[in-house]
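Mapping of the sequence shown onto my numbering: position 25 corresponds to residue 93, and the numbering continues sequentially without gaps.
Quick reminder that beta carbons are idealized off the backbone N, C-alpha and C, glycines included.
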Amino acid sequence: MKKQLHLNLFIYGRGHHEAAWRHPRASKRSLMDIEHYVECAKKAEAAHFDSIFLADVLNLPPDVDTSARIWLEPLTTLGAVAHATSRIGLIATASTTHTEPFNLARQFCSLDHISQGRAGWNIVTSFSNAGSRNFGGGGRLSHAERYDVGEEFVNVTKALWNSWRDDAVVDDRDGGIFIDKHRVKEIDHKGQSFEVAGPLNLPRSPQGWPVLVQAGSSDTGKAFAARHAEAVFTAHIQKGTAQEFYRDIKSRVVEVGRAQDQLLVLPGISPMIAGTEAEANRLQQELNELADTNVGLTRLSDRFDGYDFSGIKLDQVLRPEDFPDPAENQSSRGRTELIVGAVRREQLTMRQLLAKLAGARGHFVIAGTPEQVADVMEDWIDSGAADGFNVMPPVLPWMLDAFTEEVAPILKRRGRFRAEYNGRTLRDHYGLNRP
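Here it is as structure tokens:
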């Protein structure tokens with residue numbers, strides 16, 4: 069039997085290309101209009117996607133005037149989307165650095181109850197300097213410190229979700245007993261960063277706890293994922309690095325005593341789809357021409373802890389020495405390693421690098437026919453590069469429609485993707501055990 073793939077839709081503004089908001093085929097809705105998110109979720113659900121995902125930032129981006137990077141708070145948004153859908157999984161980003169375990173455990177438990185078992189938490193440790201200034205003013209934690217806090221945070225959150233047995237709510241009206249208190253326990257946690265008595269003030273949710281997702285690609289991030297993550301969103305510009313990552317993370321999962329199939333690897337793919345490859349490339353170039361160079365430089369600088377790249381000419385061939393050492397980076401180390409690796413491998417100019425990153429911020433970008441996109445996805449699955457994909461349409465809903473109407477049916481005909489949902493929860497869709 070052919071390996072089945074998993075599909076997540078990453079909803080990001082009006083599309084993942086940094087100029088998507090300007091494109092005439094982009095959504096005409098306000099980014100504050102819940103119907104934009106509901107519409108995208110319904111399209112993905114009609115195509116039987118496993119899940120949708122909403123990312124988050126905790127500050128107003130400096131390039132917001134020319135990039136339209138604002139969106140609704142993810143958990144609130146998914147609460148509304150849950151009522152407009154019935155099967156598709158609902159994954160939201162939330163930070164372990166700038167919230168408290170009790171609050172987060174309660175919010176995600178509520179979303180899992182509201183959605184009847186479709187919630188997922190994308191665990192992030194929040195590397196933004198600007199974001200840290202909105203939470204206490206103490207400055208950003210180092211990369212290592214953030215993961216230390218994140219480790220304790222996740223363990224406390226799991227303990228809170230486990231503080232209720234599945235059968236704690238008896239709801240015995242005749243006997244006058246609503247909850248059996250012997251089935252609800254305090255956690256009494258006292259750690260380096262948190263003190264939490266517990267128990268949670270909500271019953272255990274339909275999935276036991278939401279599906280845990282993570283996206284770190286540094287050594288520390290991969291070790292964290294091996295211990296906790298059940299799905300990993302990862303970024304790769306080419307298949308070779310995706311295969312290396314896949315082998316590494318799967319071996320780490322085994323080393324900590326988990327089954328390989330209990331962690332899914334879902335690299336990002338941003339497909340520009342058209343009737344011919346030439347037309348798809350033309351559409352890609354059309355989008356690139358709408359991009360603002362200053363936006364690209366600002367985002368590149370943000371990836372490298374604010375490093376100033378303005379002295380580098382746009383048509384100058386780059387060298388790895390033109391970038392700060394990724395190992396010293398306190399932001400996203402995995403993404404900076406990817407960028408420097410592409411420069412070393414492809415001898416890109418700054419203009420070419422910015423164009424490559426404009427499409428999907430370092431994820432795999434492809435322009436081609438529906439058959440070509442499906443072929444690439446099958447190849448990555450069969451060659452040990454992925455268990456599925458985090459689909460990142462360059463323009464929404466235009467390229468989402470192209471994918472659901474033209475690529476997904478090909479994958480279904482080839483026996484690669486479900487023709488209907490066989491379960492109701494996100495764990496069912498992902499093939500994950502209940503904790």
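An exposed status is given to Ile138, since fewer than 16 other beta-carbon atoms sit within 10 Å of its beta-carbon. The beta carbons of Ile79 and Leu122 sit closer together than 7 Å.
Residue state for Pro388 is assigned as helix, using DSSP reduced to three classes. Of the residues Ser285, Ser273 and Lys253, the one whose Cα lies closest to the Cα of Arg502 is Ser273. Taking a contact as a CB-CB distance under 8 Å, the pair Arg486 and His116 counts as one, their CB atoms being some 5 Å apart. Here Trp189 carries a strand assignment [DSSP, helix/strand/coil]. Every beta strand (DSSP E) of 3 residues or more that sits fully in the segment 299 to 366 is shown, in chain order, as 299 to 302 and 332 to 341. His431 sits buried, since 16 or more C-beta atoms from the chains shown fall within 10 Å of its C-beta.
Residues of the same chain with a CB within less than 7 Å of the CB of Glu405, apart from the 5 flanking positions on each side, are Pro394 in chain order. One alpha carbon belongs to Asp242, the other to Ala297, and they sit about 43 Å apart.
Here Val322 is exposed, its C-beta having fewer than 16 other C-beta atoms within 10 Å. DSSP places Ala428 inside the alpha helix (DSSP H), whose first and last residues are Met418 to Ala428.
Within the same chain, Asn76, Phe78, Phe301, Leu334 and Gly336 come within 6 Å of Asn458 by CB-CB distance, once the 5 residues on both sides are set aside.
Taking all protein chains in view, the Cβ of Leu382 is surrounded by fewer than 16 other Cβ atoms within 10 Å, so the residue is classified as exposed.
Note on geometry: alpha-carbon atoms of Leu99 and Leu140 lie some 8 Å from one another.
In this structure Gly289 is buried. Its beta-carbon is surrounded by 16 or more other beta-carbon atoms within 10 angstroms. Residue pairing from DSSP places Val281 in a beta bridge opposite Asn190 and Ala299.
Excluding its 5 nearest sequence neighbours in each direction, Lys70 has C-beta neighbours in its own chain below 8 Å: Arg482, Gly483 and Arg484, listed in chain order. Of the other Cβ atoms in all chains shown, fewer than 16 fall within 10 Å of the Cβ of Asp240; this residue is therefore exposed. Cβ-Cβ distances below 8 Å link Asn202 to Leu126, Asn127 and His166 in the same chain, with the five nearest sequence neighbours on each side left out; the list follows chain order. Annotation: the continuous beta strand (DSSP E) that includes Asp239 extends over Val237 to Asp240. Leu425 is the residue among Trp232, Leu425 and Tyr314 whose C-alpha sits nearest the C-alpha of Val363.
Distances from the alpha-carbon of Val324 to those of Arg295, Ile305, Phe313 and Val252 put Arg295 closest. Relative to Ser261, the option among Glu220, Phe372, Ile159 and Cys108 whose CA is nearest is Glu220.
The beta carbon of Asp447 sits closer than 6 Å to none of the beta carbons in its chain outside the five residues before and after it. Along the length of the segment 429 to 464, whole alpha helix (DSSP H) runs at least 4 residues long occupy 438 to 450, reported in chain order.
By the beta-carbon neighbour count (other beta carbons within 10 angstroms, threshold 16), Arg315 is exposed.
A check of alpha carbon separations from Gly147 across Ser178, Pro129 and Asp133 identifies Ser178 as the nearest.
In the displayed model, Phe121 falls within a strand according to three-state DSSP. A Cβ-Cβ contact shorter than 7 Å links Phe170 with Val264. The residue from Gly499, Leu421, Gly259 and Ala160 with its alpha-carbon nearest to that of Arg367 is Leu421. Here the C-alpha atom of Ala136 lies approximately 8 Å from the C-alpha atom of Gly81. In the three-state scheme derived from DSSP, where H, G and I count as helix and E and B as strand, Phe203 is classed as coil.
For Thr153 against Ala187, the beta-carbon gap comes to about 12 Å, at or over 8 Å, which does not count as contact. Annotated as proximal: Ala348 and Ala435, with beta-carbon spacing under 7 Å.
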